[in-house]
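Here's the structure we're looking at; comments come further down.
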Amino acid sequence: METIKIITYFSYLIASVLFIIGIKMLGSPKTARKGNFYSAVGMFIAVVVTLADQGILNFQYILIGIIIGSIVGATIAIKVKMTAMPQMVGLLNGFGGGASTLVAFSVYYDQLSLPNPNLNVQFTIAVMLSILIGTVTFSGSLIAFGKLQEIVSGKVIKFPLQNPISILLMAAAVVLLVMGVVNPQDATPYLIVAGISLVLGVLLVLPIGGADMPVVISLLNSYSGIAAATTGFVLNNSMLIIAGSLVGASGIILTNIMCKGMNRSLMNVVLGGWENAGTVTTADAKKVDIKSVDSEEAAMIFDAASKVIITPGYGMAVAQAQHAVKELMIVLEKKGIDVKFAIHPVAGRMPGHMNVLLAEADVPYDKLYALEDINDEFSNTDVALIIGANDVVNPAARHDKNSPIYGMPILNVDYAKTVIMNKRSMASGYAGIDNELFGYPNNLMYFGDAKDAITKLTNEIKNL
Amino acid sequence: MDNTLLMLIYVFVLAIFIGFELITKVPPTLHTPLMSGSNAISGITIVGALGSVLSAHTGSTEIAIILGTVAIVFATINVVGGYLVTDRMLKMFKKKKS
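In order, the protein sequences belong to chains F and S.
This note's numbering puts the first residue of the first sequence at 1169, with every later residue one more than the last.
This note's numbering puts the first residue of the second sequence at 1080, with every later residue one more than the last.
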């Protein structure tokens, strides 16, 4: 083997190890930043060695590609708001998938142009799978981005024969895959598979509603990794396989955690469950007495408390209320009140969404508790404050077998002495069902936009 | 089935196992940076994209180079955007001042 090849392969090995170390260091907030840096160093090594190894042919194209990509990537990374992080990740998933498809096509067309192309079975299957998975990831991610950015309706979009059409398209893709492998000189099946995959990606994500986005984003994250790994099989490159597999595994684990957080199977999410929920409950909705408070009354309740747990939800993100919430925390702590945050696994629009927002507002991460770590504490809590969350605190999930969310793990906020629920209106949450917590004797509604309401509350507490 | 493919499948399966082991240990608080950080890692396709442009055979159709160049743009957005935004987020995670 040539020396340069040996250097290349060992450098790729070093890069792979750096990716693994980087992910390992993400295991703790203390080492995470350094881990991300190591991972970036690995990427840098991989790119530089590839350039050194393969010579300077077509260098102008490389330069243009890297410059455009760097400017676009850096701009969105610096400009994006923390509340828009789900869209950003959605978009990056899509670019990852798109890149895999393009590389597969590029390498395939390059082979076709040779007098004696090497189109063996491993190569063609890997090309087909890269195109299939990469393109589904690409179009699915664009739709997910559109939904999160509210360009596409965040509602559950259904049309007749949706599932049969998807199954038919998948079957067609399999047939074309076989055709492409049997007769690899003909590019037509490859192009049609790309077209079908574009449609499949759209069909996969379009029916999925806003609050199920954490599942979809995680799933597409996984796909983008698997697409990179299949590209590794196209190019016989172990480093691509290792990096892609790590990402694929990460996405699968997150998908699983999100599904468990809603007590639903992946199938149920993808096929769009909870569809009939709204009609079921409006029919037998009971008349409930709802008590509401204004900021002054709420402030007095907080003033008398010694222990407070705050439960944020997507409403906090929408209202950009994270800084106001942090001010509230400071004022309460100045009065000697213990403040903790309870984070439901599916709060927000992506895994860890609430944690990032609160970190942005300078809330220390050791004040944020996961569901299983805090649920026992509500019973000795004076005030549970809920900001823009709904379904994840609905006690019906614990006992009402007829409720569509029955069995979903919830935060037991109703066990606190007093529950104060900040909401804009009485509208139901994503699941489209009434929250029986509203009518509980220890529950007080505090209406208003999260940012205004929390700021007002903070000022009232200050003045007491 | 030749030896290369067999080795690649070995690598694939083992890497998935390592991934599962490591990622189950990432705390929920870091799940968003984990996703954006892994976005950056999946930008590893950039190596494939560079290769496809650099080693495009002479006389190869322009299309291979054009597709490869667009792939470089996409993958670079992933790499640069992913690492930068992850760093931006991780910078914010602070422990309580005692």
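Just so it is clear, CB atoms sit at the ideal spot from N, CA and C, and this is done for glycine as well.
(message) Between the alpha carbons of residue 1446/F and residue 1571/F, how many angstroms are there, rounded?
(response) Walking along the first sequence from the start, residue 1446/F turns up at place 278. Walking along the first sequence from the start, residue 1571/F turns up at place 403. Bear in mind that a pLDDT of 42 at residue 1446/F, under 50, signals an unreliable position, so the model cannot answer this.
(message) I'd like to know whether the C-beta atoms of residue 1090/S and residue 1406/F end up nearer to each other than 7 Å.
(response) To locate residue 1090/S, count along the second sequence from 1; it is residue 11. To locate residue 1406/F, count along the first sequence from 1; it is residue 238. Contact flag set, yes.
(request) Tell me, to the nearest whole angstrom, how far the beta carbon of residue 1121/S is from that of residue 1233/F; I am working on the premise that it is less than 8 Å. (result) Taking the first residue of the second sequence as position 1, residue 1121/S is located at position 42. Taking the first residue of the first sequence as position 1, residue 1233/F is located at position 65. Contact flag wrong, Cβ pair sits at about 17 Å.
(message) Quick check on residue 1275/F - is its C-beta less than 7 Å from some C-beta in chain S?
(response) Mapped onto the first sequence, residue 1275/F falls at position 107. True, the Cβ-Cβ gap to chain S drops below 7 Å.
(message) For the stretch 1234-1253 of chain F against the stretch 1362-1372 of chain F, do three or more pairs of beta-carbon atoms, one drawn from each stretch, fall closer than 8 Å, so that the two count as touching?
(response) No, they do not touch.
(message) At 4 residues or longer, what runs of the alpha helix (DSSP H) sit wholly inside the stretch 1546-1591 of chain F?
(response) Listed in chain order, they are 1564-1567.
(request) Give a yes or no on whether 7 Å exceeds the smallest Cβ distance from residue 1384/F to chain S. (result) On the first sequence, position 216 is the one that residue 1384/F refers to. For residue 1384/F, not one C-beta of chain S is nearer than 7 Å to its own C-beta.
(request) Pull up the distance between the alpha-carbon of residue 1180/F and that of residue 1213/F, whole angstroms please. (result) In the first sequence, the residue the question calls residue 1180/F occupies position 12. In the first sequence, the residue the question calls residue 1213/F occupies position 45. Distance from the CA atom of residue 1180/F to the CA atom of residue 1213/F, rounded to whole angstroms, is 8 Å.
(request) Pick out whichever of 1246/F, 1337/F, 1615/F has its Cα sitting closest to the Cα of residue 1554/F. (result) Your numbering for residue 1554/F matches position 386 in the first sequence. The shortest C-alpha separation from residue 1554/F is found at 1615/F.
(request) Would you identify the three-state DSSP class for residue 1173/S, choosing helix, strand or coil? (result) In the second sequence, counting from the first residue as 1, residue 1173/S sits at position 94. Coil, per DSSP.
(request) Say whether the stretch 1178-1198 of chain F touches the stretch 1405-1421 of chain F, bearing in mind that this needs 3 or more beta-carbon pairs closer than 8 Å, one atom from each stretch. (result) Contact between the stretch 1178-1198 of chain F and the stretch 1405-1421 of chain F is present, because at least three Cβ pairs lie under 8 Å.
(message) Relative to the C-alpha of residue 1175/S, which candidate in 1561/F, 1397/F, 1533/F, 1587/F has its C-alpha closest?
(response) In the second sequence, counting from the first residue as 1, residue 1175/S sits at position 96. Ranked by Cα distance from residue 1175/S, the first of 1561/F, 1397/F, 1533/F, 1587/F is 1533/F.
(request) Would you mind telling me which residues of chain F sit closer than 9 Å to residue 1101/S, beta carbon to beta carbon, in chain order? (result) On the second sequence, position 22 is the one that residue 1101/S refers to. The answer, in chain order, is 1188, 1191, 1192, 1194, 1195, 1414, 1417, 1418.
(request) Under 6 Å Cβ to Cβ from residue 1151/S, same chain only, skipping five residues before and after it: list those, please. (result) Here residue 1151/S refers to the residue found at position 72 when the second sequence is read from its first residue. Cβ contact annotation for residue 1151/S (same chain, cutoff 6 Å, sequence separation greater than five): 1128, in chain order.
(request) Would you check whether the ligand SAH has a heavy atom nearer than 6 Å to the C-beta of residue 1567/F? (result) Within the structure as shown, the ligand SAH is missing, as the structure has no ligands at all.
(message) Short of 7 Å in beta carbon distance, which residues of its chain neighbour residue 1540/F, apart from the five on each side in sequence? Order them along the chain.
(response) For the purposes of this step, residue 1540/F is taken as the residue at position 372 of the first sequence. Take residue 1540/F, set aside five residues on each side of it, and no residue of its chain has a beta-carbon closer than 7 Å to its own.
(message) For residue 1475/F, list the residues DSSP reports as bridge partners.
(response) In the first sequence, the residue the question calls residue 1475/F occupies position 307. Per DSSP, 1506/F.
(request) List the residues of chain F that residue 1129/S touches, going by C-beta distances under 8 Å, in chain order. (result) Taking the second sequence and counting its residues from 1, one reaches residue 1129/S at position 50. In chain order: 1215, 1218, 1219, 1222, 1230.
(message) If I measure Cβ to Cβ from residue 1606/F and keep anything under 8 Å in the same chain, skipping five residues before and after, which residues do I get?
(response) In the first sequence, residue 1606/F corresponds to position 438, counting from 1. Excluding residues within five positions, the ones whose Cβ falls inside 8 Å are 1456, 1458, 1589, 1594, 1613.
(message) Determine, for residue 1157/S, whether the minimum Cβ-Cβ distance to residues of chain F falls below 7 Å.
(response) Position 78 of the second sequence, counting from 1, holds the residue named residue 1157/S. Using a Cβ-Cβ cut-off of 7 Å, residue 1157/S counts as an interface residue toward chain F, since at least one Cβ of chain F sits closer than that to its own.
(request) Work out the CA separation of residue 1308/F and residue 1474/F for me, nearest whole Å. (result) Counted from its first residue, the first sequence places residue 1474/F at position 306. Counted from its first residue, the first sequence places residue 1308/F at position 140. Cα to Cα, the separation comes out at about 47 Å.
(request) From the DSSP output, read off the bridge partner residues of residue 1613/F. (result) Stepping through the first sequence from its first residue, residue 1613/F is reached at position 445. Paired residues: 1460/F, 1589/F.
(message) Comparing C-alpha positions only, which one of 1434/F, 1203/F, 1196/F, 1301/F sits nearest to residue 1370/F?
(response) To locate residue 1370/F, count along the first sequence from 1; it is residue 202. Comparing alpha-carbon positions, the option among 1434/F, 1203/F, 1196/F, 1301/F lying closest to residue 1370/F turns out to be 1301/F.
(message) Between residue 1162/S and chain F, is the shortest Cβ-Cβ distance under 7 Å, so that the two count as touching?
(response) As a working note, residue 1162/S is residue 83 in the second sequence. Taking 7 Å as the threshold, the shortest C-beta distance from residue 1162/S to chain F falls below it.
(message) With distance defined between alpha-carbon atoms, name the residue in 1280/F, 1312/F, 1274/F, 1285/F nearest to residue 1299/F.
(response) Taking the first sequence and counting its residues from 1, the one referred to as residue 1299/F is at position 131. The option with the nearest alpha carbon to residue 1299/F is 1274/F.
(request) Measuring only between beta-carbons, confirm whether residue 1201/F sits less than 7 Å from chain S. (result) Position 33 of the first sequence holds residue 1201/F. Interface with chain S (7 Å Cβ-Cβ cutoff): residue 1201/F is included.
(message) So the candidates are 1145/S, 1092/S, 1083/S, 1113/S; which of them puts its Cα closest to the Cα of residue 1167/S?
(response) Here residue 1167/S is taken as the residue at index 88 of the second sequence, counted from 1. Closest option to residue 1167/S, judged by alpha-carbon separation, among 1145/S, 1092/S, 1083/S, 1113/S: 1113/S.
(message) What does the alpha-carbon distance come out to for the pair residue 1357/F and residue 1344/F?
(response) If you number the first sequence from 1, residue 1357/F lands on position 189. If you number the first sequence from 1, residue 1344/F lands on position 176. CA-to-CA, the gap between residue 1357/F and residue 1344/F works out to about 5 Å.
(request) Taking all protein chains shown into account, decide if residue 1557/F is buried (16 or more other Cβ within 10 angstroms of its Cβ) or exposed. (result) Your numbering for residue 1557/F matches position 389 in the first sequence. Looking at its Cβ environment, which holds 16 or more other Cβ atoms inside 10 Å, residue 1557/F is buried.
(request) Starting from residue 1537/F, follow its DSSP beta bridges and name the residues at the other end. (result) The residue you call residue 1537/F lines up with position 369 of the first sequence. Bridge partners of residue 1537/F: 1510/F.
(message) At the 7 Å Cβ level, is residue 1146/S part of the contact set with chain F, yes or no?
(response) Position 67 of the second sequence, counting from 1, holds the residue named residue 1146/S. Yes, contact with chain F.
(request) Mind checking who residue 1480/F pairs with in its DSSP beta bridge? (result) For this step, residue 1480/F is matched to residue 312 along the first sequence. DSSP lists 1555/F as the beta-bridge partner residues of residue 1480/F.
(message) Counting only C-beta atoms, is residue 1332/F closer than 7 Å to chain S at any point?
(response) The count along the first sequence starts at 1 and reaches residue 1332/F at position 164. No, residue 1332/F does not count as interfacial toward chain S.
(message) Residues in the same chain with beta-carbon distance under 6 Å from residue 1217/F, minus the five sequence neighbours each way, listed in chain order, please.
(response) For the purposes of this step, residue 1217/F is identified with residue 49 of the first sequence, where counting begins at 1. For residue 1217/F, where only same-chain residues beyond five positions count, the Cβ hits under 6 Å are 1176, 1179.
(request) Ignore the nearest five residues each way along the sequence and tell me which others in residue 1452/F's own chain have a CB closer than 8 Å to its CB. (result) Sequence index remark: in the first sequence, residue 1452/F carries index 284 (1-based). Note on residue 1452/F: pLDDT 45, under 50, position unreliable in the model; no value is reported.
(message) Residues of the stretch 1082-1096 of chain S in Cβ contact with chain F at a cutoff of 7 Å, in chain order, please.
(response) Answer in chain order: 1083, 1084, 1087, 1090, 1091, 1094, 1095.
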